[in-house]
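K.L.:
The structure follows.
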Amino acid sequence: MSQGRRERLVQSFPEGIDWMMVGHRANVTYLTGFTGEASYLLLSRQRSFIVSDGRFAEQLATECPGIEVIIRPPAMTTVEAIGQALEQAKARNVAFEATQVTVAEAERLRETAPSVNWVPMRGLVESLRRVKDAQEIEAIRQSIAIAERAFDMFRAMITGKESEKDLVDAMEGYVRRAGGEGTSFPPIVAVGDRSALPHAPPTERRMSDSPFLLLDWGATHRLYCSDLTRILRAAPRNRSLSTAWSEIESRLEKLYTVVLHGQQMALRSIRAGVRAAEVDAAVRAYFEEQGYSKEFNHSLGHGIGLQIHEGPFLRPNSPDVLEAGNVVTVEPGLYLPGFGGVRIEDDVLVHADGGEVLTRASRDWSEAVVIW
Ligand code: ZN
Ligand code: ZN
């Protein structure tokens, strides 16, 4: 699997490039199957090798048996070992990831490999990673299933007394209990008006302070991420909602209806060949028509895979065109400062003729209720 990916990368080298140095962790994993860190893949048309250190020798032998490995001596840095190896290989024009290499590392590479011409590149591996193969799609399906099992546990265990921090802790535990390696990012739990902050850090705010909360969470399975957002509404067991809470509920329901409709529009428009910016613009236009011109203050969605945010990006001015095999989130949101926000986020696999929603958790207003 990873050999085919390396071949495709080498075939995509721009004119004049004969080697590439890959150090971005997710890119190295994608191209080699290696799940550790601090290691670089060097590849050309004739040869590829990994430069790493003693901590990973064993793991490299197990995870990527077909690839040559150079373990640097403890007295040398990895960057120095790379320079030396490329100098010995008589490499000339070597591409590197412009967004990964620090200025200090670039200087050291120039010193240790003086005959190499270093060429900064962007997005070469990332553009291959956008189109998922069957194995990757299966890993994402699993990571979604894990996140959804964790969500069921979360809903079942809520007592109403928890703070946002307690709920974040609980979700992290449920994701692991449901079979995940971990969460794909620190979960967001925002109670009541705190949900007006799209990325609210958790506080001591209690669930019982408001009739609703926003939950944004995901799991990883074989390093692949899932990403979902749902609104949960309180239905206290022993009392009916106070008048104040009923008013909040009805205002929230109106907002929810608009966001859900915007999301459904986007989901229906997704298919290969559609411009990502157009999907985003249609939702934005609909919200504006409903009187919300500034309240949708982030992009509509992003690709998921080995990283929680990767291409293609569904946002204004995105140059991306959707392709079969992309897996993207669709997550419109409307945020009213002082009141709260609604975001609904699902994961979608792009096919030639439409989008397949991979997430199963209900988006129905009536099913967003948690009883405690
Ligand atoms: Zn999310
Ligand atoms: Zn997201």
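The sequence shown runs 47 to 418 under our numbering. Where is the CB? At the ideal position from N, CA and C, for every residue including glycine. This one's a predicted model, so the numbers in the text were calculated from it and none came from an experiment.
1. Would you tell me roughly how many angstroms separate the C-alpha atoms of residue 53 and residue 176, rounded to the nearest one?
2. Look up residue 95 in the DSSP assignment and give the residues it is bridged to.
3. Does DSSP put residue 397 in a helix, in a strand, or in coil?
4. Let me know the secondary structure DSSP gives residue 349 once reduced to three states.
5. With residue 381 as the anchor, note down where its beta strand (DSSP E) starts and where it stops.
6. Please report the Cβ distance between residue 263 and residue 274, rounded to the nearest whole angstrom; I am assuming they are in contact, meaning their Cβ atoms lie under 8 Å.
7. Quick check: the Cα distance between residue 378 and residue 340, rounded to an integer number of angstroms?
8. Whole angstroms is fine: what's the gap from residue 219's alpha carbon to residue 398's?
9. Name the DSSP bridge partner or partners of residue 66?
10. My output table needs one value for residue 122: the three-state DSSP class, helix, strand or coil.
11. Starting from residue 229, follow its DSSP beta bridges and name the residues at the other end.
12. Run the CB neighbour count on residue 343, radius 10 Å, all protein chains shown included, and call it buried at 16 or more, exposed below.
13. Could you round the C-beta distance between residue 388 and residue 305 to whole angstroms and report it? I think they count as a contact, below 8 Å.
14. To the nearest angstrom, report how far apart residue 128 and residue 97 are at their CA atoms.
15. Below 8 Å, can you find three or more Cβ-Cβ pairs linking the stretch 87-104 to the stretch 62-75?
16. Give me, in chain order, the residues of the same chain whose beta-carbon lies closer than 8 Å to that of residue 199; leave out the 5 immediate sequence neighbours on both sides.
17. Ignoring anything shorter than 4 residues or poking outside the stretch 144-225, list the alpha helix (DSSP H) runs there in chain order.
18. Flag residue 78 as yes when its Cβ comes closer than 7 Å to any non-hydrogen atom of ligand 1, and as no otherwise.
19. Using only the heavy atoms of ligand 1, determine whether one of them is closer than 7 Å to the beta carbon of residue 391.
20. On the criterion of 16 or more Cβ atoms from any shown chain inside 10 Å, does residue 290 qualify as buried, or is it exposed?
21. Going along the chain, which residues of its own chain have a beta-carbon closer than 7 Å to the beta-carbon of residue 76, five neighbours each way excluded?
22. Going by CA-CA distance only, name the one from 418, 197 and 371 that's closest to residue 403.
23. Among residues of its own chain, excluding the 5 on either side of residue 335, which ones have a beta-carbon nearer than 6 Å to its beta-carbon?
24. Using a Cβ-Cβ cut-off of 8 Å (strictly less than) and excluding sequence neighbours within five positions of residue 255, which residues of its own chain qualify?
P.N.:
Result, derived from the coordinates:
1. 16 Å
2. 88 and 114
3. strand
4. strand
5. 379-382
6. 6 Å
7. 13 Å
8. 38 Å
9. 89 and 141
10. coil
11. 265
12. exposed
13. 5 Å
14. 7 Å
15. yes
16. 220, 223 and 224
17. 149-158, 170-175, 180-203 and 210-223
18. no
19. yes
20. exposed
21. 51, 171, 175 and 352
22. 371
23. none
24. 237 and 238
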